[in-house]
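Remarks on the structure that follows.
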Amino acid sequence: MGQSKKKMGLSTQILLGLVIGALFGYFFPEIGAKMKPLGDAFVRMIKMIVVPLIFSTLVIGIAGTGDFKKLGRLGGKAIIWFEAATTVALAVGLIVVNFVQPGIGVDMPIPADASAQAAATAKKTIDMGEYLLHIIPTNIVDACARNDMLQIIFFTCFFGVGVAHIGKDGETIVNMCRSIAETMFKVTHYVMKLAPIGIFAMISYTVGSFGVAMLIPLGKLILSLVGAAIIFLAILLTCASLITGINFLHVVTGVKEALLLAFSTASSEAALPIAMQRLEQLGVPKNIVTFVMPTGYSFNLDGSTLYSSLTVIFIAQIYGIELSLGEQLLMMLTLMLSTKGIAGVPGAGFIVVAATATAFGLPADGVAIVLGVDRILDMIRTFCNVFGNCVATVVVAHWEKDLTKESFNEAYQKNFNS
139 MGQSKKKMGL
149 STQILLGLVI
159 GALFGYFFPE
169 IGAKMKPLGD
179 AFVRMIKMIV
189 VPLIFSTLVI
199 GIAGTGDFKK
209 LGRLGGKAII
219 WFEAATTVAL
229 AVGLIVVNFV
239 QPGIGVDMPI
249 PADASAQAAA
259 TAKKTIDMGE
269 YLLHIIPTNI
279 VDACARNDML
289 QIIFFTCFFG
299 VGVAHIGKDG
309 ETIVNMCRSI
319 AETMFKVTHY
329 VMKLAPIGIF
339 AMISYTVGSF
349 GVAMLIPLGK
359 LILSLVGAAI
369 IFLAILLTCA
379 SLITGINFLH
389 VVTGVKEALL
399 LAFSTASSEA
409 ALPIAMQRLE
419 QLGVPKNIVT
429 FVMPTGYSFN
439 LDGSTLYSSL
449 TVIFIAQIYG
459 IELSLGEQLL
469 MMLTLMLSTK
479 GIAGVPGAGF
489 IVVAATATAF
499 GLPADGVAIV
509 LGVDRILDMI
519 RTFCNVFGNC
529 VATVVVAHWE
539 KDLTKESFNE
549 AYQKNFNS
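Under our numbering, think of the first position of the sequence shown as 139, with each following residue one higher.
Below, the structure written as structure tokens:
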């Protein structure tokens, strides 16, 4: 009797918050719909951690090696994996939507405001030249204020190399960054204690606002995306396991809190600090985690890519528009380029779908139909985005010979299986 009761784990608490939130939103929709500020407050608390955490850990990683060549090699390997993963995601999306045909038989009234929003969204385009120029910040404080991950990484890489080359004074900066990083991880730990409440509020709001009635006509689209995400993640995990020899189900166990957080909040940034912490506990070196994870948030949006290819064809199916294999492959190529430039743009996946649909002569009103369940779709694609980046980080660490099967298993046993 002397043994104390085992405390409920964080992931169990998050899952409980998710289930209770869904039930609360269903039975008390009016109260649930008003829960958004509470959920938003939690997401904002996590987002405030991201910039100092990325900056401090990336400086430690770069200044520790002081090797720009290693950084370039790391970036090259990451981009190869990102490109392969997003191509597979696009292909899976196209195959599933052609096989299941979720758009056939959908007949839904389109609210006037949704139609106007879709038409406005379709006019937004993403210029690749402008996007590449945008990576270079003119003001790093402004980039930090906007949480622009690519600009922060660009500046921090140069800053880290500068720190590595100023000798003794550089050590002071590295030690300061080390202290900041430790503090931010501690703050993450405090904020995560509020996760079950934040998630309860977010899910109550989602179910209370959109209700179940909206989900029924578009149920096939939601299930198609869920099915496509499962197929894609199974392919990704199988390939990653074959390449590294690592059991990726253990990676899933390690980062499960981050994945639940990503799904519940539909915010990749909210899951970033806890995902980075867990990957380090799995034995992935800090310098690789802090470079690959944030970069992946810009170049490896597997879930958004999958969603884009599936949704554009879904819209064509609603209107009975036949797209030939050639047109679908051209669309795949268009999406492959446009989804690379969507990081940091609110509702970016939706903008890409609207712009691509219009470019291929599909009615903008079709995009408005998807708007009704976009929040649910966003949860699925965010889960997929975060998961894809966690897998990419482990694979790149293995390619760099900084993570072996043995060192991974040792870290897993020590931190997650004790």
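The C-beta atom is built at its ideal place from N, Cα and C for all residues, glycine as well.
Using alpha carbons as the reference points, say which of K358, A216 and I198 lies closest to T294.
-> The residue with the shortest Cα to Cα distance from T294 is I198.
Is T494 closer than 8 Å to L515 when the C-beta atoms are compared?
-> Using a Cβ distance threshold of 8 Å, L515 and T494 do not count as a contacting pair.
With burial defined as no fewer than 16 other Cβ atoms inside 10 Å of the residue's Cβ, what is the status of H536: buried or exposed?
-> Only buried fits H536, as 16 or more other CB atoms lie within 10 angstroms of its CB.
List the endpoints of the continuous alpha helix (DSSP H) containing Y445.
-> Note, Y445: alpha helix (DSSP H), D440 to I456.
In three-state terms, what does DSSP make of K145?
-> Note: K145 maps to coil in three-state DSSP.
So which of A283, K172, L209 and N236 has the shortest CA-CA distance to I187?
-> Selected option, being the one with the closest Cα: A283.
When T531, A367 and F452 are compared against G421, the one with the closest alpha-carbon | Of T531, A367 and F452, the smallest CA-CA separation from G421 is found for T531.
Please classify E407: does DSSP put it in a helix, a strand, or coil?
-> In the structure shown, E407 sits in a helix (DSSP, three-state: H, G or I).
Which class does Q289 belong to by DSSP, given the choice of helix, strand or coil?
-> It is helical.
Nearest residue (CA-CA) to L468, options I453, A229, G526 and S347 | It is A229.
Among G504, N553 and S406, the one whose alpha carbon lies nearest that of G241 | Selection G504, N553 and S406 evaluated against G241 yields G504 as nearest (Cα-Cα).
Figure out for me which residue from I341, H303 and A372 has the closest Cα to the Cα of K172.
-> Nearest option by C-alpha distance: I341.
Return the Cβ separation of L448 and G231 in integer angstroms, given the expectation that the two are a contact with Cβ distance under 8 Å.
-> Contact between L448 and G231 holds: their C-beta atoms lie close to 4 Å from each other, under 8 Å.
Meets three-Cβ-pair contact criterion under 8 Å: the region 511–530 and the region 427–444 = Taking 8 Å as the limit for Cβ pairs, the verdict is that the region 427–444 does touch the region 511–530.
Alpha carbon to alpha carbon, how far is L363 from L356? Give it in angstroms, no decimals.
-> Distance between the alpha carbons of L356 and L363: 11 Å.
Own chain, CB closer than 7 Å to F546, minus 5 neighbours either side, in chain order = For F546, where only same-chain residues beyond five positions count, the Cβ hits under 7 Å are I384, L420 and G421.
In the structure shown, what three-state DSSP assignment does Q151 receive?
-> In the three-state reduction of the DSSP assignment, Q151 falls in the helix class, which pools H, G and I.
Option nearest Y550 by Cα separation, candidates V390, G499, T428 and S462 | Comparing Cα-Cα distances from Y550 to each of V390, G499, T428 and S462, the minimum goes to V390.
Inspect the beta-carbon positions of P334 and G155 and report whether they are closer than 8 Å.
-> Yes, they are a contact pair.
Whole alpha helix (DSSP H) runs in the region 324–353 with 4 or more residues, listed along the chain?
-> Entirely contained in the region 324–353, the alpha helix (DSSP H) runs reaching 4 residues are, in chain order, 333–348.
Can S462 and V490 be called in contact, C-beta distance under 8 Å?
-> The answer is no: Cβ separation not under 8 Å.
Could you check the C-alpha separation between T321 and Q415 for me, to the nearest Å?
-> Counting only the Cα atoms, Q415 lies some 12 Å from T321.
Run the CB neighbour count on F296, radius 10 Å, all protein chains shown included, and call it buried at 16 or more, exposed below.
-> With a 10 Å radius around the Cβ and a threshold of 16 neighbouring Cβ atoms, F296 comes out exposed.
Should K552 go down as buried or exposed, given a rule of 16 or more other Cβ atoms within 10 Å for buried?
-> Taking all protein chains in view, the Cβ of K552 is surrounded by fewer than 16 other Cβ atoms within 10 Å, so the residue is classified as exposed.
Helix, strand or coil at N547 according to DSSP, with G and I counted as helix = Reduced to three states, the DSSP call for N547 is helix.
Spatially closest choice to S347 from V533, A366, K174 and V534, by CA coordinates = Comparing alpha-carbon positions, the option among V533, A366, K174 and V534 lying closest to S347 turns out to be K174.
List the whole-angstrom C-beta distance separating K394 from N285, where the pair is believed to meet the contact cut-off of C-beta under 8 Å.
-> Between N285 and K394 the Cβ distance is about 25 Å, and since that is not below 8 Å, they are no contact.
Best match in G526, P190, C377 and D540 for proximity to I588 [C-alpha to C-alpha] = Not covered by the structure: residue 588. The range shown for the chain is 139 to 556.
Would you call G298 buried or exposed, if buried means 16 or more other Cβ atoms sit within 10 Å of its Cβ?
-> Counting of Cβ neighbours within 10 angstroms places G298 among the buried residues, the total reaching 16 or more.
Exposure label - N425; buried when at least 16 CB within 10 Å | Buried, since its Cβ has 16 or more Cβ neighbours within 10 Å.
Roughly how far, in whole angstroms, is the beta-carbon of R336 from the beta-carbon of F162, given that I think they are within contact range, below 8 Å?
-> Here residue 336 is Gly; the residue named in the question, Arg, does not match the sequence. That pair is no contact at about 14 Å.
Should N527 be labelled buried (16 or more other beta-carbon atoms within 10 Å of its own) or exposed?
-> Buried, by the Cβ-count rule.
If you check the beta carbons only, do L148 and M431 fall under 8 Å apart?
-> In this structure, L148 keeps its C-beta atom at 8 Å or more from the C-beta atom of M431.
Run of the alpha helix (DSSP H) containing D516, from where it starts to where it stops = Taken as a continuous stretch (DSSP letters only), the alpha helix (DSSP H) holding D516 covers D512 to W537.
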